[in-house]
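Q: Under our numbering, think of the first position of the sequence shown as 46, with each following residue one higher.
The beta-carbon is built from N, C-alpha and C at its ideal position, and this holds for glycine as well.
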Amino acid sequence: MIHSSFVILIAIGTALIVFSVCIRWRSWRQATALSLIVLIAVAFLFRDSRRPRKTQIDPAANTAATPPLAQWAANMPAQEPADGYVSSRACAECHPGQHDTWHASYHRKMTQRATPAAVLGDFADKHVELDGAAYDLSRRGDEFWVKVTLLREDQRWISRDASFLKPRDQNPNAPGIGRWNTQCIQCHATHGRARTDAESRDISSDSLVAEFGIACEACHGPGERHVRFRRGEPVEDKIVNPAGLASQRSAQVCGRCHSITIPKRQSDYPELLEHGHRFRPGDDLAESLHVMRLDQATRDLLKANVLPNDQFVDRAYDMQFWGDGVVRVAGREFNGLVESACYQKGEMACVSCHVLHKPAGDPRPVAEWADDQLKIDALG
């Protein structure tokens, strides 16, 4: 901010210059008047410079001008079954019991639109502060709003790499923007396609998903041919039951999302953004994705395709693994499973302990079963 004494000196100096120039051509009265006008103008500029800058928009200040929720729909990821995916509605017709238990699971609830039925948090004019940032939660009818303070007016230098949101000139992988399209959509939706231009600096995406959340076809594969086969058409039934696969292939169905992976080739990134993952349940996960481990193969792949040098690789390792190689990131159980002798030398898979559909004879309430989806005889 401009120091007051510096501004005063500028004002006086400017006025004297104006006065000396004007006195040659005009009367004393005119020169004095012009000098006063200069002083007054500088004073107004100084006053405006002292005012705090408005760095945030109050969404409640002009509620009527805010577009209703329906107008935001065009910017939301769209559900569009494609590439053999037909959605869980097609499964419910013949598998009502399995559909009901899946519908009660956290897999189904993983991604939902922010509707009154889905939002459990209290948005009744709540104020929350976390890590130095302030959030104001409010509700307008069926709409849920969060006002975020992006800047703090304490006159400190702030690096844009350390700020909460990234500028729009960043690439699609920038942490503050595009996170849904390049990250979340890969696992928190079924057959998500970001459709982001990997070669462009434009971060806009035209995202499509077969279905929000982890639906039937995320684990069983595309269901179109299965539906056609069951309706009497002469097509091969390619539906997959993970419980019927060999142990490692079965675990890889879960491991596609429950692990830290990277594409095996740099050229795979544009394809992943445009068309989604090539992996389908029953495939060998290693054909399309590399499961990160604390080993030389992972280090070489990271340096070749993702990170520029060993320093960045070490930082990535520190964020995701303990020093002994144990994964430290929640939800990545497959990284731990592949290190175990039970997986490498035995036949242990995720479904050895977990059951993804509540059995008919299971006496537990559905909410208790859905908590961890453990088999009843695995509770110990």
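#1: State the beta-bridge partners of LYS426 as determined by DSSP.
#2: Please classify HIS172 as buried or exposed, where buried requires at least 16 neighbouring CB atoms within 10 angstroms.
#3: If you reduce the DSSP assignment to three classes, tell me which class ARG238 lands in.
#4: With H, G and I counted as helix, E and B as strand and the rest as coil, what does DSSP make of ILE284?
#5: Specify, as a first and last residue, the run of the alpha helix (DSSP H) that TRP414 falls within.
#6: CB-CB under 8 angstroms to PRO308, same chain, minus the five flanking residues each way: which ones, in chain order?
#7: Please list, in chain order, all residues of the same chain as ARG95 whose beta carbon is under 6 angstroms from its beta carbon, the five residues on each side excluded.
#8: I'd like to know whether the C-beta atoms of ALA415 and SER133 end up nearer to each other than 9 angstroms.
#9: Does the beta-carbon of MET337 have 16 or more other beta-carbons within 10 angstroms, so that it is buried, or is it exposed?
#10: How should TYR388 be labelled, buried or exposed, when 16 other C-beta atoms within 10 angstroms of its C-beta is the threshold for buried?
#11: For GLN231, which of LEU419, SER385 and ARG301 has the nearest alpha-carbon?
#12: Roughly how many angstroms lie between the CA atoms of HIS320 and GLY237, to the nearest whole one?
#13: In the DSSP output, what is HIS335 paired with across the bridge?
#14: On the three-state DSSP scale, how would you describe GLN124?
#15: Leaving out five residues on either side along the sequence, give the residues of the same chain with a beta carbon under 7 angstroms from the beta carbon of HIS303.
#16: I'd like the list of long-range same chain contacts for LEU382, defined as Cβ closer than 7 angstroms, with 5 residues on each side in sequence excluded.
#17: Note down the Cα distance separating CYS229 from GLY268, rounded to an integer number of angstroms.
#18: What does a CB cutoff of less than 7 angstroms around GLY129 pick up in its chain, not counting 5 residues either side in sequence?
#19: Contact between the segment 272-280 and the segment 255-263: three or more CB pairs below 8 angstroms?
#20: Where does HIS271 sit, in a helix, a strand or coil, going by DSSP?
#21: Looking at the structure shown, is LEU253 part of a helix, part of a strand, or coil, going by DSSP?
#22: Are there any heavy atoms of the ligand MG lying less than 8 angstroms away from the beta-carbon of THR146, as far as the coordinates show?
#23: Checking the sheet assignment: what are the DSSP bridge partners for THR399?
#24: Does DSSP put VAL383 in a helix, in a strand, or in coil?
#25: Tell me which residue opens and which closes the alpha helix (DSSP H) that GLU278 is part of.
#26: VAL411 and LYS403 - do their beta-carbons sit closer together than 9 angstroms?
#27: Starting from PHE357, trace the alpha helix (DSSP H) in both directions and tell me its first and last residue.
#28: Out of curiosity, what's the CA-to-CA distance linking GLY327 and ALA135?
#29: Buried or exposed: where does ALA234 fall if 16 or more other Cβ atoms within 10 Å of its Cβ makes it buried?
#30: Please confirm whether VAL396 and ALA288 have their CB atoms less than 9 angstroms apart.
#31: Nearest-angstrom Cα distance between ASP363 and ALA394?
#32: Using only the alpha-carbon positions, how far apart do ARG373 and TRP367 sit?
#33: Just the Cα atoms here: how many angstroms apart are GLU281 and VAL272?
#34: Under the DSSP definition of a beta bridge, which residues are partnered with PHE189?
#35: Ordered along the chain, which non-local residues of its own chain (more than five positions away) have a Cβ less than 8 angstroms from that of LYS154?
A: Taking the definition as stated:
#1: Outside the shown range of the chain (46 to 425) lies residue 426, about which nothing can therefore be said.
#2: Here residue 172 is taken as the residue at index 127 of the sequence shown, counted from 1. HIS172 should be labelled exposed.
#3: Mapped onto the sequence shown, residue 238 falls at position 193. When DSSP states are grouped into helix, strand and coil, ARG238 belongs to the strand group.
#4: What you label residue 284 is simply residue 239 of the sequence shown in a count that begins at 1. Taken through DSSP and simplified to helix, strand or coil, ILE284 comes out as coil.
#5: Walking along the sequence shown from the start, residue 414 turns up at place 369. Its alpha helix (DSSP H) spans residues 411-417.
#6: Here the question's residue 308 lines up with position 263 in the sequence shown. Same-chain partners within the cutoff: TYR314, LEU317, SER333, LEU334, HIS335 and ASN350.
#7: Here the question's residue 95 lines up with position 50 in the sequence shown. In this prediction, ARG95 scores a pLDDT of 47, lower than 50, which makes its location untrustworthy; no coordinate-derived value is stated.
#8: Against the sequence shown, residue 415 aligns to sequence position 370. Against the sequence shown, residue 133 aligns to sequence position 88. No, these two residues do not count as a Cβ contact at 9 angstroms.
#9: Working through the sequence shown from its first residue, we reach residue 337 at position 292. Within 10 angstroms of the beta-carbon of MET337 lie 16 or more other beta-carbons, which makes it buried.
#10: In the sequence shown, counting from the first residue as 1, residue 388 sits at position 343. The residue in question, TYR388, is buried, as its Cβ has 16 or more Cβ neighbours within 10 Å.
#11: Within the sequence shown, residue 231 is the residue found at index 186, counting from 1. The residue among LEU419, SER385 and ARG301 with its C-alpha nearest the C-alpha of GLN231 is ARG301.
#12: Sequence index remark: in the sequence shown, residue 320 carries index 275 (1-based). Sequence index remark: in the sequence shown, residue 237 carries index 192 (1-based). Between HIS320 and GLY237, the C-alpha separation is close to 8 angstroms.
#13: The residue given as residue 335 occupies position 290 in the sequence shown. Its beta-bridge partners are ILE307.
#14: By 1-based counting over the sequence shown, the position of residue 124 is 79. Strand.
#15: For the purposes of this step, residue 303 is taken as the residue at position 258 of the sequence shown. Non-local beta-carbon contacts of HIS303 in its own chain, meaning distances under 7 angstroms to residues more than five positions away in sequence, involve GLY376, ARG377, GLU378 and PHE379 in chain order.
#16: Within the sequence shown, numbered from 1, the residue matching residue 382 stands at position 337. Within the same chain, Cβ atoms closer than 7 angstroms to the Cβ of LEU382 are found at ALA296 and TYR388, the five residues on either side in sequence being excluded.
#17: Here the question's residue 229 lines up with position 184 in the sequence shown. Here the question's residue 268 lines up with position 223 in the sequence shown. Spanning the two alpha carbons is a distance of roughly 23 angstroms.
#18: For the purposes of this step, residue 129 is taken as the residue at position 84 of the sequence shown. Excluding its 5 nearest sequence neighbours in each direction, GLY129 has C-beta neighbours in its own chain below 7 angstroms: PRO267, GLU269 and ARG270, listed in chain order.
#19: In the pairwise beta carbon analysis, the segment 272-280 is classified as not touching the segment 255-263: fewer than three pairs are separated by under 8 angstroms.
#20: Numbered from its first residue, the sequence shown carries residue 271 at position 226. Three-state result, HIS271: helix.
#21: Taking the first residue of the sequence shown as position 1, residue 253 is located at position 208. The answer is strand: DSSP assigns LEU253 an E or B state.
#22: As for the ligand MG, it is missing from this structure, which has no ligand bound.
#23: Looking up residue 399 in the sequence shown gives position 354. In the sequence under discussion, the amino acid at residue 399 is His, which differs from the Thr named in the question. DSSP lists LEU419 as partners of HIS399.
#24: For this step, residue 383 is matched to residue 338 along the sequence shown. Correct three-state label for VAL383: coil.
#25: The count along the sequence shown starts at 1 and reaches residue 278 at position 233. It is not in any alpha helix (DSSP H) - GLU278 carries neither H nor E in the DSSP assignment.
#26: Here residue 403 is taken as the residue at index 358 of the sequence shown, counted from 1. Here residue 411 is taken as the residue at index 366 of the sequence shown, counted from 1. Against a cut-off of 9 angstroms, the Cβ pair of VAL411 and LYS403 comes out as a contact.
#27: The count along the sequence shown starts at 1 and reaches residue 357 at position 312. In this chain, the alpha helix (DSSP H) harbouring PHE357 covers 355-365.
#28: For this step, residue 327 is matched to residue 282 along the sequence shown. For this step, residue 135 is matched to residue 90 along the sequence shown. CA-to-CA, the gap between GLY327 and ALA135 works out to about 21 angstroms.
#29: Here residue 234 corresponds to residue number 189 of the sequence shown, with the count starting at 1. Buried, by the Cβ-count rule.
#30: Against the sequence shown, residue 396 aligns to sequence position 351. Against the sequence shown, residue 288 aligns to sequence position 243. Taking 9 angstroms as the Cβ cut-off, VAL396 and ALA288 qualify as a contacting pair.
#31: Locating residue 363 in the sequence shown gives position 318, where the first residue counts as 1. Locating residue 394 in the sequence shown gives position 349, where the first residue counts as 1. About 27 angstroms.
#32: Looking up residue 373 in the sequence shown gives position 328. Looking up residue 367 in the sequence shown gives position 322. Rounded to the nearest angstrom, the gap between the Cα atoms of ARG373 and TRP367 is 6 angstroms.
#33: Translated into the one-based positions of the sequence shown, residue 281 becomes position 236. Translated into the one-based positions of the sequence shown, residue 272 becomes position 227. Rounded to whole angstroms, GLU281 to VAL272 spans 10 angstroms at the Cα level.
#34: Stepping through the sequence shown from its first residue, residue 189 is reached at position 144. According to DSSP, which records beta bridges pairwise, PHE189 is partnered with ARG184.
#35: Here residue 154 refers to the residue found at position 109 when the sequence shown is read from its first residue. Excluding five sequence positions before and after LYS154, the CB atoms of its chain that fall closer than 8 angstroms to its own CB belong to ALA163 and GLY258, given in chain order.
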